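K.L.:
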Amino acid sequence: MHPHKVYGRQASFDDHRRSRKRIIIIGLSTVALAVIVTVAVVTATHGRKSSSSGGVGNSASSFSTSLKAVCDKTVYPASCFSSLSPMIGSSQPLDPVKLFHLAVQVAMDELPRAVQHLRDLGLRVHMENLSAMDSCAELLELAMDRLNDTAAAHSDLTSEEALDDLKAWLSAVITYKDTCMDAFEAASAEFRADMDKFLKNSTEFTSNSLAILTQIANVLGSIKLRRRLLEYSDADGLPRWLSATDRRLLQSRDPRASANIVVAKDGSGKYKTIKAALAAVPDKSNKRFVIYVKKGVYNENVKVEKNTWNVMMVGDGKDATIVSGSLNFVDGTPTFKTATFSVLGKGFIARDMGFRNTAGPAKHQAVALMSNSDLSVFYRCRFDAYQDTLYANSLRQFYRECDIYGTVDFIFGNAAVVLQACNIFPRVPMKGQWDTITAQGKTDPNQNTGIVLHACSVQPFGDLSSVKVYLGRPWKDYSTTVFMKSVLSGIINPAGWLAWSGNSAPSTIFYAEYQNTGPGSSTKNRVKWKGVRTSLTQQQASGFTVGSFLAGNSWIPATAVPFNAADNSMASVEAFGQANPLDPDRLEARRRTRKRIAIIGFSTVALAVIVAVAIVSATHGSSKKSPVSIGAGDGTRSFSTSLKAVCDKTVYPDSCFTSLSPMMSRSQPFDPLKLFHYAVRVAMEETSKAAQHFSGLGSGVRMDDTFLSAMDSCGKLLGLALDLFNDSAAVAPGDLTSGEALDNLKTWLSAVITYHDTCLDGFETASAELRAKISAYLRNSTQFTSNSLAILTQIANVVGSIKLRRRLLEFSDGSGLPGYWLSSKDRRLLQSSDPRSSANVVVAKDGSGKYKTINAALKEVPEKSNKRFVIYVKKGFYNENVRVAKNMWNVMVVGDGKDATTVSGSLNAVDGTPTFETATFAVFGRGFIARDMGFRNTAGATKHQAVAMMASADQVVFYRCLFDAFQDTLYLHSQRQFYRDCDIYGTVDFIFGNAVAVLQACSILPRVPMTGQQDTITAQGKTDPNQNTGISIHACSVRPFGNLSSVRVYLGRPWKPYSTTVFMRSTLSAVINPAGWLPWSGDSAPSTIYYGEHRNVGPGARTKNRVKWKGLRTSLTQQQANGFTVGSFISGNSWQPATGVRYFAGLELKKKKKTKISDPVIGPLRVRLQQQSELAVVRLREQHLTAEGWFRGSFSPLFARAFLLNVGGDEHRQLNSWREV
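In full-length UniProt numbering, the protein residues as written are 1 to 1221.
Quick look at the structure:
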């Protein structure tokens, strides 16, 4: 029944066995089905009125009574009886299954008559109705196709999938006829009456067919036939009927690589337009046909025709690949024809695409996308228009992680459609208009259609403070719409729903809400219509999930798009490129996965209780008040007390309580895990509002270049913040049993606060009035994010106290590399001593590579790829400002040496560029690695802030790199970062930011500043006590670059109130001022800072004359210092091995066990010699000795060889002449 299910499959014994089983089941059930359904249907409809039997030998009277009993359940009983009575012999038993197929045949026979009437009417139609006539003809043709499909499906009514198909197709037929009539909404009443008369019989007969089918389905449902009894699936969770080609495609993380055709605006593909590519798709193909559309704006109206099946269209991102049009109703095009992109062919998938209609609000109906495609999926797409943006017209559709923008009825139609994890953006309408999100078009009670919004977010796009926004309005009599488990912002009008006309709505509608959150979710003042249900039960809500409403489990897995099948479970197709399902590694991985699921399932239940008790008990303390219970039924007072106890631990307790109190159910147990997720959603909503405020900030403000640059930076930063909010919101409560998940959430939320701070810092030269205005825009967002982080910290403290293992569920192998999720290609790359040989792209200034610039090479990086992409940059000076965008994941840039391959720029603050934008090289994409590269900003000391490198990405690594500038050289902006064997040159605050950063075995080189300046190595920017951020400098060397005899050099100064910096086990030369640390202003520092020193050596390490600040700790204990190691501070053991960069997880500089020394003579002395050689490297750095001076000591040739094999960087080059030793 499904478009995919006719794929060829290889025969196997199991397949043949299942096929025989299927034939037997169908054979037996078909015999029984007629009897079961006949008895059940007729009994149900007769009730107790008579005792007549429906069996063989009934009289004509009893036959008519039975037929009438069935027809009485339809919407049009008279036409049902009169059309079907002549077609069934009264001497035969009444067979509802046969009756259904006869009803379909009657509807099919009637439809061509309606088409002929339409043609006759077309001869006398007015010009303004010609386009509507054309639409009607197309719709009735689609209706005939669906009736043909229905008539052909006469065998397997034992299958719920078959029943789902039939319901969908017949529901669509009715919708097509309704849409035909809607096309003539502007026509005269007389003309519409004629049209209605022509379509009357066909519409009624189709409705009768659907009603009879519904009765059959109800009977089958009552005897609980299994939904998927006859379905095939394999160990990967994919249907067995998938072809090998489709299997490989669905297991691919990036379907662009498997594209049949490439479309590119710039001519780099086979075609320049999408229409041209679609012309190459074979008709009615059961094989997936992939069209990759490269980034660009494609100004064309596209139509995927009804015979164009199983097309997948993939772009470069919803904001990068855009299809744009402007057809609209005001200019004379019927709504059905205005769509920029229209899909009729079944099995369509769109991924990472944008669709927009630019007609504007004054043109009224103007559709961006219309789908009439059965089993269609839209993933990570954007739909942008005003009125009628997204037209989900008919059949079954699924939308995941999409953005929909609009004003009036901007999600409408009569499909069976679920939008899941989508962002809904009402925008500013025409003057005098209100915004209505949905307008559902169900006209028949037996249609299986409706609009479901599940786990979505409704937030404003622009200033909607004076606009009323409603969840929807009832377009048709049986309008069906459900919002469940979604976040509804404060823009939603308290009434919730708007009448189509007048003050009420038909009693037959079904409007429902279930467990939504946010200020707009309160149902207290909702309209009091009979059809509105403000509190569905869980059982009722489960009928609107993907699994139930769309039967999604039977077809969405074959699209490789993630989905929640039920209210609270995630199902997705994840493939790791392993072909053999019996491979031992896969079996072991599955065993561990099952263990993980069991652990999470058990611990999630326990964790909420443990955390609630622990947090509330800790916060209540030993108060003499009556004890506070946290169970169900506590009552409003104890609930408020518990919430207040948690909020009192935050930095902003008032905003915590007022924002979260309306969202938590007082009838449920107090659940801090749920509270945390609510807090994240509230913060995310406020950040979105803040972003919209910035769009109107320019009015009344002098718009100079500095202001515009700061505005642009703020927009980028708030976009990054929303990305991290989405990541945080996606973490399930059960995953909070994992130390890694807690670390991730702390890092992401800490980064969000940093993004807000950086936005405000961009306006440091603005007027006090403007800064106050910006601060007000960001206040709620910053406070709510801080509250989220504080609640998470309380949860983490409890989880830590019950000692849940950090890596209980992680997979690793004997090499120290992750064993399960690391591909064989990545494993070879990381174990390679020279990744340049494995480069995907080569950049060479002299033209010997594929590209001459790094920016050009980065364009080839696939978006959000989980595979490592290596760019080898040959030696040379590259004068360009490089941006590794946020969707460029897992990029490795490798050079020929930190002094050989150099990226150079000169942007700076004095010339008008905000500090955030001055970086020569900026990284936003997670998992970035740089190796053997140099990064410079040549602006010079007089240009003040001029960044060489800025990293604002998670889990990034820099190995053997050089960062060369003056003020603000290295911007450790946010998230987790690791620097190993690097050189950093600078003057003022030249290592700064608010990341979670460890610099290990690096050389820090203060240089001569401007006259009158002092050198400060660090300026850490922590602003919230719960942020997990700071700068840790471990086993590094601080020594002067140039003559600094007249320059004071300090370890750092406190940029922000909670500034956190630690120097440990490093060599501090005499260049360090005895005071150690410098105030930001005045003579002291906030008492909330955390500055620490631990077992440093060298003349500058003496702490006797250090400043006497409360926040300075001059002799950290080993336990305290351990908190700032790679293993603890940045959770390095869970991700560092996968980078292939060496590191020390703890305080001690110990070599990893697997380091190889090849000379067999060394043998048993290997470990001791390795340790000695490491110590030699450290001492060499401490005392600044040359290799020659060191080796003229008493070391043996055996030790010398071990030393040579372990040193690197500058020391290794010093020892080149000593290799003969």
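Positions of the beta carbon are idealized from the N, C-alpha and C atoms, including for glycine. From a predicted model like this one, the values you see are computed outputs, not experimental measurements.
Does the CB of MET430 have a neighbour CB from chain B at under 8 Å?
P.N.:
Absence of chain B from the displayed structure is noted, only one protein chain being present.
K.L.:
Suppose you measure from the CA of ILE174 to the CA of THR206; what does that come to, to the nearest Å?
P.N.:
Start at 1 with the first residue of the sequence shown, and residue 174 comes out as number 174. Start at 1 with the first residue of the sequence shown, and residue 206 comes out as number 206. Their Cα atoms are separated by approximately 7 Å.
K.L.:
Hey, is the segment 352-369 in contact with the segment 303-315, meaning 3+ C-beta pairs nearer than 8 Å?
P.N.:
Here the segment 352-369 lies against the segment 303-315, with 3 or more beta-carbon pairs under 8 Å apart.
K.L.:
Relative to the alpha-carbon of PRO255, which residue among THR1023, LYS1108, LYS864, ARG980 has its alpha-carbon at the smallest distance?
P.N.:
Start at 1 with the first residue of the sequence shown, and residue 255 comes out as number 255. The shortest Cα separation from PRO255 among THR1023, LYS1108, LYS864, ARG980 belongs to LYS864.
K.L.:
For ARG427, which beta-bridge partners are listed by DSSP?
P.N.:
In the sequence shown, counting from the first residue as 1, residue 427 sits at position 427. Answer is PHE461.
K.L.:
Just mark PRO426 as buried or exposed, buried being the case when its beta carbon has 16 or more other beta carbons within 10 Å.
P.N.:
Start at 1 with the first residue of the sequence shown, and residue 426 comes out as number 426. Buried: at least 16 other Cβ atoms inside 10 Å.
K.L.:
Would you call the CB atoms of GLY940 and PHE921 closer than 8 Å?
P.N.:
Locating residue 940 in the sequence shown gives position 940, counting from the first residue. Locating residue 921 in the sequence shown gives position 921, counting from the first residue. In this structure, the beta-carbon distance from GLY940 to PHE921 does not fall below 8 Å.
K.L.:
Kindly indicate which three-state DSSP category ARG400 falls into: helix, strand or coil?
P.N.:
Numbered from 1 along the sequence shown, position 400 holds the residue referred to as residue 400. Note: ARG400 maps to strand in three-state DSSP.
K.L.:
At a cut-off of 7 Å, would you count VAL894 as near the ligand NAP, judging by its Cβ distance to the nearest heavy atom?
P.N.:
Absence of the ligand NAP from the depicted structure is noted, as is the absence of any ligand whatsoever, leaving it without description.
K.L.:
Give the list of continuous alpha helix (DSSP H) stretches no shorter than 4 residues that lie fully inside the segment 174-214.
P.N.:
none
K.L.:
With H, G and I counted as helix, E and B as strand and the rest as coil, what does DSSP make of THR1060?
P.N.:
Within the sequence shown, numbered from 1, the residue matching residue 1060 stands at position 1060. Reduced to three states, the DSSP call for THR1060 is strand.
K.L.:
Could you tell me the alpha carbon to alpha carbon distance between VAL219 and LEU210, rounded to whole angstroms?
P.N.:
Locating residue 219 in the sequence shown gives position 219, where the first residue counts as 1. Locating residue 210 in the sequence shown gives position 210, where the first residue counts as 1. For VAL219 and LEU210, the distance between alpha carbons rounds to 14 Å.
K.L.:
Using the three-state DSSP reduction, which class does SER1037 fall into: helix, strand or coil?
P.N.:
The residue given as residue 1037 occupies position 1037 in the sequence shown. Strand at SER1037.
K.L.:
Would ARG960 pass as a contact of LYS898 if the rule is Cβ separation under 8 Å?
P.N.:
Reading the sequence shown from its first residue, position 960 is the one you call residue 960. Reading the sequence shown from its first residue, position 898 is the one you call residue 898. Contact annotation: ARG960 and LYS898 have beta-carbon atoms nearer than 8 Å.
K.L.:
On the three-state DSSP scale, how would you describe GLU686?
P.N.:
Looking up residue 686 in the sequence shown gives position 686. Note: GLU686 maps to helix in three-state DSSP.
K.L.:
How about GLY345 and SER373: are their beta carbons less than 8 Å apart?
P.N.:
In the sequence shown, residue 345 corresponds to position 345, counting from 1. In the sequence shown, residue 373 corresponds to position 373, counting from 1. The answer is yes: Cβ separation under 8 Å.
K.L.:
Rounded to the nearest angstrom, how far is the Cβ of ALA455 from that of ASN564, given a contact under 8 Å?
P.N.:
The residue labelled residue 455 in the question sits at position 455 within the sequence shown. The residue labelled residue 564 in the question sits at position 564 within the sequence shown. With 8 Å as the limit, ALA455 and ASN564 qualify as a contact, their Cβ atoms being about 7 Å apart.
K.L.:
Residues bridged to THR1016 by DSSP?
P.N.:
Walking along the sequence shown from the start, residue 1016 turns up at place 1016. Answer is VAL988, TYR1050, bridged to THR1016.
K.L.:
Quick test of the definition: if touching needs 3 or more C-beta pairs under 8 Å, does the segment 1036-1055 touch the segment 1067-1077?
P.N.:
yes
K.L.:
Could you check what DSSP says for GLN967 in three-state terms: helix, strand or coil?
P.N.:
Counted from its first residue, the sequence shown places residue 967 at position 967. It is coil, neither helix nor strand.
K.L.:
When the Cα atoms are used, what is the spatial distance from residue 1294 to ALA162?
P.N.:
Nothing about residue 1294 can be reported from this structure: the residues present for the chain run from 1 to 1221 only.
K.L.:
By how many angstroms is the C-alpha of THR338 removed from the C-alpha of VAL70?
P.N.:
As a first step, residue 70 is located in the sequence shown; it is residue number 70 there, counting from the start. As a first step, residue 338 is located in the sequence shown; it is residue number 338 there, counting from the start. Going by the C-alpha atoms only, they are around 41 Å apart.
K.L.:
Hey, would you say ILE404 sits closer than 8 Å to PHE410, going by beta carbons?
P.N.:
Working through the sequence shown from its first residue, we reach residue 404 at position 404. Working through the sequence shown from its first residue, we reach residue 410 at position 410. Annotated as proximal: ILE404 and PHE410, with beta-carbon spacing under 8 Å.
K.L.:
What is the DSSP secondary structure of ASN148, counted as helix, strand or coil?
P.N.:
Within the sequence shown, residue 148 is the residue found at index 148, counting from 1. In this structure, ASN148 counts as helix in the three-state DSSP scheme.
K.L.:
According to DSSP, is TRP497 helix, strand or coil?
P.N.:
Within the sequence shown, numbered from 1, the residue matching residue 497 stands at position 497. TRP497 falls in the strand class under three-state DSSP.
K.L.:
For HIS973, name the three-state secondary structure that DSSP assigns.
P.N.:
The sequence position of residue 973 within the sequence shown is 973, counting from 1. In the structure shown, HIS973 sits in coil (DSSP, three-state: anything other than H, G, I, E or B).
K.L.:
For LYS167, which of helix, strand or coil comes out of DSSP?
P.N.:
The residue you call residue 167 lines up with position 167 of the sequence shown. Looking at LYS167 - three-state DSSP - the assignment turns out to be helix.
K.L.:
Please name the residue in SER501, PRO1009, LYS530 whose C-alpha comes closest to that of ILE509.
P.N.:
Within the sequence shown, residue 509 is the residue found at index 509, counting from 1. It is LYS530.
K.L.:
Report the CB separation of GLY406 from GLN387 in whole angstroms; it is logged as a contact under 8 Å.
P.N.:
Here the question's residue 406 lines up with position 406 in the sequence shown. Here the question's residue 387 lines up with position 387 in the sequence shown. Contact holds; Cβ gap of about 7 Å.
K.L.:
How far does the beta strand (DSSP E) with SER904 in it extend, from its first residue to its last?
P.N.:
For the purposes of this step, residue 904 is taken as the residue at position 904 of the sequence shown. Boundaries of the beta strand (DSSP E) harbouring SER904: 901-905, taken from the DSSP string.
K.L.:
Once DSSP output is grouped into helix, strand and coil, what is the label at SER661?
P.N.:
Counted from its first residue, the sequence shown places residue 661 at position 661. Here DSSP, grouped into helix, strand and coil, assigns SER661 to helix.
K.L.:
Mind checking PRO1009: buried by the 16 CB within 10 Å criterion, or exposed?
P.N.:
Within the sequence shown, residue 1009 is the residue found at index 1009, counting from 1. Classification of PRO1009: buried, given that the 10 Å Cβ count is 16 or more.
K.L.:
Taking all protein chains shown into account, do 16 or more other C-beta atoms lie within 10 angstroms of the C-beta of ASN1028, making it buried, or fewer, making it exposed?
P.N.:
Along the sequence shown, read from residue 1 onward, the residue named residue 1028 stands at position 1028. When all chains shown are included, ASN1028 counts as buried.
K.L.:
Starting from THR438 and walking both ways along the beta strand (DSSP E), at which residues does that stretch end?
P.N.:
The residue given as residue 438 occupies position 438 in the sequence shown. Unbroken beta strand (DSSP E) run through THR438: 435-440.
K.L.:
For ALA997, which of helix, strand or coil comes out of DSSP?
P.N.:
By one-based count along the sequence shown, residue 997 stands at place 997. Note: ALA997 maps to strand in three-state DSSP.
K.L.:
Please state whether the Cβ-Cβ distance between ALA951 and ALA1019 is less than 8 Å.
P.N.:
The sequence position of residue 951 within the sequence shown is 951, counting from 1. The sequence position of residue 1019 within the sequence shown is 1019, counting from 1. Taking 8 Å as the Cβ cut-off, ALA951 and ALA1019 do not qualify as a contacting pair.
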